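Accompanying notes for the structure given below.
Number of protein chains: 2
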Amino acid sequence: MIIDRLIDGIKAKNAPIVVGLDPTAALVPEFLQKKYYKEMGETPEAMAEAIVEYNRGLTDAIADLVPAVKPQIAMYEALGLPGMSAFERTVSYCREKGLVVIGDVKRGDIGSTSEAYAQGHLGYFEIGGKKFPGFDEDFATVNPYLGSDGVKPFIKVCAENDRGIFVLVKTSNPSSGEFQDRTIEGRPLYELVGEKVAEWGAELTGEHGYSAVGAVVGATYPEQGSILRKLMPKNYILVPGYGAQGGKGADLVNFFNEDGLGAIVNSSRGIIGAYKQEKYASYGPEGYADAARAAVIDMREDIASALAG
Amino acid sequence: MIIDRLIDGIKAKNAPIVVGLDPTAALVPEFLQKKYYKEMGETPEAMAEAIVEYNRGLTDAIADLVPAVKPQIAMYEALGLPGMSAFERTVSYCREKGLVVIGDVKRGDIGSTSEAYAQGHLGYFEIGGKKFPGFDEDFATVNPYLGSDGVKPFIKVCAENDRGIFVLVKTSNPSSGEFQDRTIEGRPLYELVGEKVAEWGAELTGEHGYSAVGAVVGATYPEQGSILRKLMPKNYILVPGYGAQGGKGADLVNFFNEDGLGAIVNSSRGIIGAYKQEKYASYGPEGYADAARAAVIDMREDIASALAG
């Protein structure tokens, strides 16, 4: 199952790390933007090509170090159609390189509509006995606000095609508590959502004992992470918010189980924009991929020492 | 402001109605699918072309009767890139015909990511002093689970570009109560979200006194609609769930203010798939657009008599 492949990758590379491929105009090195603007004019199409080259460079530099990447579709959707094409090509390139691809799409709707989203991201359009993939990610992130009948169609498509999802439980942003932390019968909403994730995931358990239905819990909320870890023992936690958003290595311990598994930590800007940080500035913009590689190695050490400590 | 244009359209056409352009393989008439399969092979590209022609036929048939359409992006995303192209062309065609387009995209993420979504759906990619629109809808639907800092970037982009949003408050699906109805300090979560919608929308008020920040409340929950109507007096309510999902004309009264405004009711399958219903079967599949027109006229009467009663 896909969750086993993710865990095998984490073990083999000793890296519970996913790199967020979230290319913004501020992060894509200027020399790449200029190259395509010169070729194709100052257009979204040119920016999309620059993004694809940027992502390929990053992917080549980190593919032996990490098991997974997580392209944030919003950064592609921002460019309209050319951006969506860049997203599709990024997913496809990363999967060819053996990486597990988590599409950070945060979709979710009423039942029949969620099924259409699931088809587009984790399934196929079938016609005349042929199957055509859509964006074809391994995992997708899902918003739970609509309840079980908005989530279950994703799980159905996951079961059919050996894919997985991560459901938003406690997000990493400052205002996540506005609704997620509100108390219901003495317990915060995110705990109720976490319990549902455990329930939804029960039928999709892999060889390592973990479900292909995981949860998103922000590194910026380690106390809540600790509670949710216990509430969803068999569900992998995708942990955003490390690095640029303020989450620290020491805080990550709470998200792991005693078997050393159970969590995968995302960093986006901290890795793909490493060349812009003082620490890695010597690589220069043209060395953005090597800077990203160095940042992944540092992140791996930070997490390993936190888990060892 | 865009909300005034929507209200003017509702008044001029005496139709608080939005038609959901949610084309699935089950709804797109077979003769159209076959036409493009014959031309282009049995591919998602061919299906996307059939969808575009279907939508154009529907739009031409209803544009003088309703102020707005609501394409559900999931139905397009299900086909991958060709579907996204069909979505973009549908939005563009409908806007050319003078219709207000509500992109039912249910996006929402942390701040910087929500801003990227807002750019892609309600804003522009700017480069070299030029502005390139993305999918370019007039309104988008937004998921509130991440709280204020996931919603406010949409409002910022709306203010800059005269666009609007509808925030999910109480959705139309059977399991919407699983989280949305849970009681927090004596009140259901959807009321707290509704209050936030009123607060978020305060700065974007148009000439008719209504905000460009609206709410989604399902026709299937008229009692909650009545409460939310009072809680958000200045926010337009987009009401899905009428017709195929079970919402009835008589239930709609609760969603309107005493000025006869304040709500716009969506019907998707009930209109675009009217030719498949016994009542409109005489139009046949080739008369799908005329069947849709007849169904809109009947819906308009159903709502008018409910509001008059």
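Line by line, the protein sequences are chains L and X.
Heads up, the first sequence is in our numbering, so the first residue is 1 and it goes up one at a time.
Heads up, the second sequence is in our numbering, so the first residue is 1001 and it goes up one at a time.
Idealized CB from N, CA, C, for every residue including glycine.
Every value quoted in this text rests on a predicted model; they were computed, and no experiment measured them.
Asked	Found
Endpoints, the alpha helix (DSSP H) within which X/R1107 is located	No alpha helix (DSSP H) contains X/R1107, which is instead part of the beta strand (DSSP E) from 1100-1107.
Top-ranked residue by Cα proximity to X/S1114, from X/V1142, X/G1128, X/N1266	X/V1142
Buried/exposed call for X/T1059, threshold 16 Cβ in 10 Å	buried
L/A68 beta carbon less than 8 Å from that of L/I303	no
Chain X within 8 Å of L/D251, Cβ atoms only	no
Residues from the region 1164-1175 of chain X in contact with chain L, defined by Cβ distance under 8 Å	L1168, T1171, S1172, N1173, P1174, S1175
For X/A1274, the first and last residue of its enclosing beta strand (DSSP E)	Unbroken run through X/A1274: none, as it is neither H nor E.
Within-8 Å CB hit, L/R182 to chain X	yes
Beta strand (DSSP E) segments (min. 3 residues) lying fully within the region 1020-1065 of chain X	none
For L/C94 and L/A291, the rounded distance between their alpha carbons	19 Å
C-alpha distance - X/G1134 paired with L/A46, whole-angstrom precision	14 Å
For X/P1285, three-class secondary structure by DSSP	helix
Below-8 Å beta-carbon distance, L/G225 vs any chain X residue	no
Buried versus exposed, by CB contacts within 10 Å (16 or more), X/G1260	exposed
Nearest-angstrom Cα separation, counted from X/F1139 out to X/E1018	Position check: residue 1018 of chain X holds Val in this sequence, whereas Glu was assumed. C-alpha separation (whole angstroms): 12 Å.
Interface residues of chain L facing X/L1081 [CB-CB closer than 7 Å]	M84, S85, E88
Neighbouring residues, chain L, relative to X/Q1119 (Cβ below 7 Å)	A78
Selected residue, minimal CA-CA separation from L/V91, among L/N161, L/V105, L/P222, L/A306	L/V105
Beta bridge counterpart(s) of X/R1229 as assigned by DSSP	Its beta-bridge partners do not exist; DSSP assigns none.
C-alpha distance - X/I1007 paired with X/V1239, whole-angstrom precision	15 Å
Buried/exposed call for L/G254, threshold 16 Cβ in 10 Å	A quick correction: the sequence has Asn, not Gly, at residue 254 of chain L. That one is buried.
Pair within 8 Å by beta-carbon distance, L/I155 and L/W200	yes
Nearest to L/E258 (by Cα), restricted to the options L/S112, L/K152, L/G9, L/R229	L/R229
Residues that DSSP places opposite X/F1125 in a beta bridge	X/F1132
Beta-carbon contacts of X/G1287 that lie in its chain and below 8 Å, excluding the five residues immediately before and after	Y1275
Partners in chain B for L/G103, counting only beta-carbon separations shorter than 9 Å	Of the protein chains in the structure, L and X, none is chain B.
Proximal residues, the region 141-154 of chain L versus chain X, C-beta separation under 8 Å	N143, P144, Y145, L146, G147, S148, D149, G150
Residues within the region 182-197 of chain L neighbouring chain X, beta-carbon criterion of under 9 Å	R182, T183, I184, E185, L189, L192, V193, K196
Residues in the region 1214-1239 of chain X having any Cβ partner in chain L nearer than 7 Å	none
One or two residues paired with L/N235 in a DSSP bridge	L/S211
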